[in-house]
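In what follows, a single structure is set out as structure tokens and then discussed.
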Amino acid sequence: DSGVTQTPKHLITATGQRVTLRCSPRSGDLSVYWYQQSLDQGLQFLIQYYNGEERAKGNILERFSAQQFPDLHSELNLSSLELGDSALYFCASSLDSYEQYFGPGTRLTVT
Amino acid sequence: ILNVEQSPQSLHVQEGDSTNFTCSFPSSNFYALHWYRWETAKSPEALFVMTLNGDEKKKGRISATLNTKEGYSYLYIKGSQPEDSATYLCALEYGNKLVFGAGTILRVKS
Chain A
1 DSGVTQTPKH LITATGQRVT LRCSPRSGDL SVYWYQQSLD QGLQFLIQYY
51 NGEERAKGNI LERFSAQQFP DLHSELNLSS LELGDSALYF CASSLDSYEQ
101 YFGPGTRLTV T
Chain B
112 ILNVEQSPQS LHVQEGDSTN FTCSFPSSNF YALHWYRWET AKSPEALFVM
162 TLNGDEKKKG RISATLNTKE GYSYLYIKGS QPEDSATYLC ALEYGNKLVF
212 GAGTILRVKS
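Protein chains in written order, with our numbering: chain A, 1 to 111; chain B, 112 to 221.
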């Protein structure tokens, strides 16, 4: 158990809908990272927050947004969902820029 | 964006065999190189983080080396066990991002 929690574990929704994925980092970690793993792709970095501020952005679509709250938990919002957004979404946290601790992931299925 | 290549794609070994895989990168312009182990139905688990040319790290039967001048890192597993079966991911850290390779899938037969 990495200490990072993600909810929900599974999510099934229809195209065009909007969902919110939630992540709670390990106690004391200030950075939160979001990753996407699609069926035919490796882990893709989406976005990083550090102590409430966006720090780095990767291949994140404009339909996706994230934020980190004062209690350091983070939410990833996915809107206007398409079939291709079906993937495993991981959150990771770290204290500094060294080891990242990954949560169990949220499996999103868009039908 | 740095391209991270991992080889081989997959590897099947017998219990007790020692094995190694490679992570290659075209440039040393990164902050750190990470190795992760990702078991099926679990989340990636950090193994090592290396930053300097010549770095060597060891954890039990698993060790890793980094050669930034020639652009590669090796991960070694001594005396493979069935519980070592997993996907081993290499990632380069730069600009607060991790760029992952596709991974090497290791299967250890008992």
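Just so it is clear, CB atoms sit at the ideal spot from N, CA and C, and this is done for glycine as well.
Small disclaimer: the values here were computed from a predicted structure and weren't measured.
Margin query: Could you compute how far the alpha carbon of A:T109 sits from the alpha carbon of B:E167?
Written below: A:T109 and B:E167 have their C-alpha atoms spaced approximately 41 angstroms apart.
Next item on the list: Work out the CA separation of A:P70 and A:G42 for me, nearest whole Å.
Entry: In a straight line, the C-alpha of A:G42 is about 31 angstroms away from that of A:P70.
Check: Roughly how many angstroms separate the alpha carbons of A:N59 and B:T215, rounded to a whole number?
Finding: For A:N59 and B:T215, the distance between alpha carbons rounds to 23 angstroms.
Next item on the list: Return yes when at least one heavy atom of the ligand SAH lies under 7 angstroms from the C-beta of A:P25, else no.
Entry: Looking for the ligand SAH in the displayed structure turns up nothing, as the structure carries no ligands at all.
Margin query: Taking a contact to mean a Cβ-Cβ separation below 8 angstroms, would you say A:A56 touches B:K208 in this structure?
Written below: yes
Check: Taking any Cβ of chain B, which residues in the stretch 29-43 of chain A have a Cβ under 7 angstroms from it, in chain order?
Finding: G42, L43
Margin query: I believe B:Y147 touches B:L158 by the beta-carbon criterion, under 8 angstroms. Please report the beta-carbon distance rounded to the nearest angstrom.
Written below: 6 angstroms
Item checked: Min CB distance A:F90 to chain B below 8 angstroms -> yes
Check: Going by C-alpha distance, which of A:L81, A:L95, A:F90 is nearest A:T5?
Finding: A:F90
Next item on the list: Evaluate the contact criterion for the stretch 22-38 of chain A versus the stretch 82-101 of chain A: three or more CB pairs, one atom per stretch, below 8 angstroms.
Entry: yes
Notebook entry, point to check: Does any residue of chain A bring its CB to less than 8 angstroms from the CB of B:N207?
Noted result: So yes, B:N207 belongs to the interface.
Check: Any Cβ of chain A within less than 8 angstroms of the Cβ of B:G212?
Finding: yes
Notebook entry, point to check: If we cut at 8 angstroms on Cβ distances, does B:P237 have a partner in chain A?
Noted result: Lying before the first or after the last residue shown, residue 237 of chain B is absent from chain B, which here runs from 112 to 221.
Checklist line | Straight-line gap, A:L61 to A:I47 (C-alpha atoms, nearest Å) | finding: 10 angstroms
Notebook entry, point to check: Using a Cβ-Cβ cut-off of 6 angstroms (strictly less than) and excluding sequence neighbours within five positions of B:Y187, which residues of its own chain qualify?
Noted result: N131, S174
Next item on the list: Please report how far the alpha carbon of B:L217 lies from the alpha carbon of B:E150, in whole angstroms.
Entry: In a straight line, the C-alpha of B:L217 is about 10 angstroms away from that of B:E150.
Notebook entry, point to check: Ordered along the chain, which non-local residues of its own chain (more than five positions away) have a Cβ less than 6 angstroms from that of A:L76?
Noted result: L21, W34, A66
Next item on the list: Taking all protein chains shown into account, decide if A:H10 is buried (16 or more other Cβ within 10 angstroms of its Cβ) or exposed.
Entry: exposed
Check: Measuring CA to CA, which of A:H73, A:S2, A:S86, A:Q36 is closest to A:Y50?
Finding: A:H73
Note to self: I need the straight-line Cα distance from A:P8 to B:E181, nearest angstrom please.
What the structure shows: 43 angstroms
Notebook entry, point to check: Among B:A197, B:S184, B:E194, B:M161, which one has its Cα closest to the Cα of B:P137?
Noted result: B:S184
Next item on the list: Please report how far the alpha carbon of A:Q17 lies from the alpha carbon of A:P25, in whole angstroms.
Entry: 26 angstroms
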